[in-house]
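*Asks:* Chains L and W, in that order, are what the protein sequence lines are.
For what it's worth, this note's numbering labels the leading residue of the first sequence as 1, then goes sequentially.
For what it's worth, this note's numbering labels the leading residue of the second sequence as 109, then goes sequentially.
We put the CB at the ideal spot given by N, CA and C, even for glycine.
Quantities reported herein were computed from a predicted structural model and do not represent experimental measurements.
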Amino acid sequence: MDQEEIQNVAFTIILHSGNSRTMVHEGFDLMRSKEFEKAEEKLDEANSELTAAHQSQTTLMQKYTAGEEVNTDIIMVHAQDHLMTTMTLREVALEMLSLYQTVKFESE
Amino acid sequence: MRNVLIICQGGMSSSVLAKKTTEHLNEDGNDIQVEATSTNEGREMIEKGKYDLYLVSPQTKMYYDQLKKTGERAGKPVANIPPQAYVPVPMGIEKLSNLILQELPES
């Protein structure tokens, strides 16, 4: 795989992770305004974006396991960073959603 | 020469685009320099007003409204980069170059 191909995959991962991150933040806004169902939908959408990012990564993994040389370009390390931090952020968001719901329930 | 700044999370992926886009614009005879930076620095940069145009990358879209307001205070244009213009292939670079030419105020 040449550098340009690696760059393209990296950018796809960055883009989808970025979309996902934006959605998670929208989810946080919805939680604050107690719109829990909408927040949950947002986090689901965020998950679809993460899946898309993951699929791009999987193509690289498949090439690697098939014996093709895949260079770990610094841009790919950076893309991974985007992907993993967003995945973690979404997990935290799910926990927060349940916390927000509990707090609302107990204050009623 | 006119200056454009791309703002993204860490300023890294954008620096790849900034370099390629500058080359493309210069080849077409435009005296424009594109650079890249992180979100935190980006806000400061808008306040300082050193650049003629600020572009917000798709993965930092959530900061766009905030950056746009900072831009309004500083009297500088801030625009979003659509996902199709954020790919380091010739077509993406072309789209980003066109966006820059369209959004850059007349000098």
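Assuming S17/L contacts A39/L under a Cβ cut-off of 8 angstroms, what Cβ separation, rounded to an integer in Å, is found between them?
*Replies:* Not confirmed; about 20 angstroms, so no contact.
*Asks:* Around the C-beta of F105/L, are 16 or more other C-beta atoms found within 10 angstroms, so that it is buried, or is it exposed?
*Replies:* exposed
*Asks:* Can you look up L99/L in the DSSP assignment and give me helix, strand or coil?
*Replies:* helix
*Asks:* Could you check what DSSP says for T85/L in three-state terms: helix, strand or coil?
*Replies:* DSSP places T85/L in helix when its eight states are reduced to three.
*Asks:* Label P166/W either buried or exposed according to how many other C-beta atoms from any shown protein chain fall within 10 Å of its C-beta, with 16 as the threshold for buried.
*Replies:* buried
*Asks:* Is the number of C-beta pairs between the stretch 129 to 142 of chain W and the stretch 169 to 188 of chain W that are closer than 8 angstroms three or more?
*Replies:* no
*Asks:* Listing by chain order, which chain W residues have their CB less than 9 angstroms from the CB of T22/L?
*Replies:* P166, Q167, T168, K169, M170
*Asks:* Which residue marks the beginning of the beta strand (DSSP E) containing S205/W, and which one marks its end?
*Replies:* No beta strand (DSSP E) contains S205/W, which is instead part of the alpha helix (DSSP H) from 198 to 211.
*Asks:* When burial is assigned at 16 or more other CB atoms within 10 Å of the CB, is R21/L buried or exposed?
*Replies:* buried
*Asks:* Helix, strand or coil for Y162/W, going by three-state DSSP, please let me know.
*Replies:* strand
*Asks:* Should N19/L be labelled buried (16 or more other beta-carbon atoms within 10 Å of its own) or exposed?
*Replies:* buried
*Asks:* What residues from chain L crowd round Q210/W, counting only those whose CB sits closer than 8 angstroms?
*Replies:* Within chain L, no residue comes near Q210/W; the closest Cβ sits about 21 angstroms away, beyond 8 angstroms.
*Asks:* Closest by CA to M170/W, which one among M23/L, T72/L, L83/L?
*Replies:* M23/L
*Asks:* So is Q7/L in contact with chain W if we call contact Cβ pairs under 8 angstroms?
*Replies:* Yes, because at least one Cβ of chain W sits closer than 8 angstroms to the Cβ of Q7/L.
*Asks:* If I115/W and V142/W are in contact, beta carbons under 8 angstroms, what's the gap, nearest whole angstrom?
*Replies:* Actually they are not in contact, since the Cβ atoms of I115/W and V142/W sit about 12 angstroms apart, beyond 8 angstroms.
*Asks:* If we ignore side chains and look at the alpha-carbon of each, how far apart do S121/W and S107/L end up?
*Replies:* Going from the Cα of S121/W to the Cα of S107/L covers about 45 angstroms.
*Asks:* Would you list, in chain order, the members of the stretch 71 to 83 of chain L that have their beta-carbon closer than 9 angstroms to a beta-carbon of chain W?
*Replies:* If the cut-off is 9 angstroms between Cβ atoms, the stretch 71 to 83 of chain L has I74, I75, H78, A79, D81, H82 near chain W.
*Asks:* So, does the stretch 24 to 31 of chain L touch the stretch 92 to 101 of chain L, judging by three or more C-beta pairs under 8 angstroms?
*Replies:* At 8 angstroms Cβ cutoff, the stretches touch.
*Asks:* With a threshold of 7 angstroms on Cβ separation, who are the neighbours of G179/W within its own chain once the five nearest residues in sequence on each side are excluded?
*Replies:* I154, Y162, P185, V186
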